[in-house]
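A short worksheet on the structure shown next.
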Amino acid sequence: ETEKYDAKPTYKKFLGYRPGVYVIGDKIVYIENSDGNTNVRFHQADTHKRFFALLESQNIRVNRFRADCGSCSKEIVSEIEKHCKHFYIRANRCSSLYNDIFALRGWKTEEINGIQFELNSILVEKWEGKCYRLVIQRQRRNSGDLDLWEGEYTYRCILTNDYKSSTRDIVEFYNLRGGKE
């Protein structure tokens, strides 16, 4: 938190910056500041490259890596994929997938942390020539109001190269991120 002139509201609703923070378990293992209030994707692939190089210099290989939607771009996912077995990245909204998601059948109802969700997954070619699994989690809106784009549900998606774990296991693993940074 800061009161500097160029500070902007963060996702936690206070004025500050957006550093790259890496956590293993509950330990912060790497922090890299960005150049002021740049776009979240500005040189992020380079930040990941430096982080993974540091780990690899210590013979540490990442098995599972999770990140927020700021990492959901072709360049950044490509860099992450080079250095870990599996990744789990919150997927940003993609209007080209809306029809596919709305047409899905076979939703599985799960209770996670006391909240009812419906889960499903599909294979998507997010970027030309590269297929990934998109794990989709939807939650019925309590208000009964309809959203113009999402209808009666709120949708959240996780892009992953993990094709074997259950949708529930992926959502629960992804939800362990945050809080520490």
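Those letters in the sequence shown? Residues 798 to 978, per the numbering used here, in order. Using N, Cα and C, we set each Cβ at its ideal position, and we do this for glycine too.
Rounded to the nearest angstrom, what separates residue i and residue j at their Cα positions?
i	j	result
K879	D966	23 Å
E907	I886	21 Å
K871	I821	24 Å
A864	I955	10 Å
Y929	A888	11 Å
F996	D823	Any question about residue 996 goes unanswered here, given that the chain covers just 798 to 978.
G903	N917	7 Å
I877	N939	36 Å
L973	K846	23 Å
Y827	Y895	36 Å
N948	R935	The question names Asn, yet the displayed sequence has Gly at residue 948. Roughly 11 Å separates the two Cα atoms.
L812	T844	22 Å
T951	V818	28 Å
Could you tell me if residue i is buried or exposed, where buried requires 16 or more neighbouring beta carbons within 10 angstroms of its beta carbon?
i	result
S1012	An answer regarding residue 1012 cannot be provided, because it is not within the stretch 798 to 978 covered by the chain.
G926	exposed
Y971	buried
D959	buried
A900	exposed
R937	exposed
R858	exposed
I825	exposed
P841	Checking the sequence, you will find Gln at residue 841 rather than Pro. The residue is buried, with at least 16 neighbouring Cβ atoms inside 10 Å.
S868	buried
Per the DSSP calculation, residue i is bridged to which residue(s)?
i	result
Q913	E908
C881	V859
R965	R965 pairs with nothing; no bridge assigned.
A888	C954
V826	According to DSSP, which records beta bridges pairwise, V826 is partnered with nothing at all.
L920	R930
With DSSP collapsed to three states, give me the class of residue i.
i	result
G869	Sequence inspection shows Cys at residue 869; the Gly mentioned does not correspond to that position. Reduced to three states, the DSSP call for C869 is coil.
R858	coil
L852	helix
E876	helix
R974	coil
R902	coil
R935	strand
Y819	strand
For a quick check, are the C-beta atoms of residue i and residue j less than 8 Å apart?
i	j	result
L931	I912	no
T964	H883	no
E998	K905	Summary: the structure shown does not reach residue 998, with the chain confined to residues 798 through 978, and so no result is reported for it.
I898	E969	no
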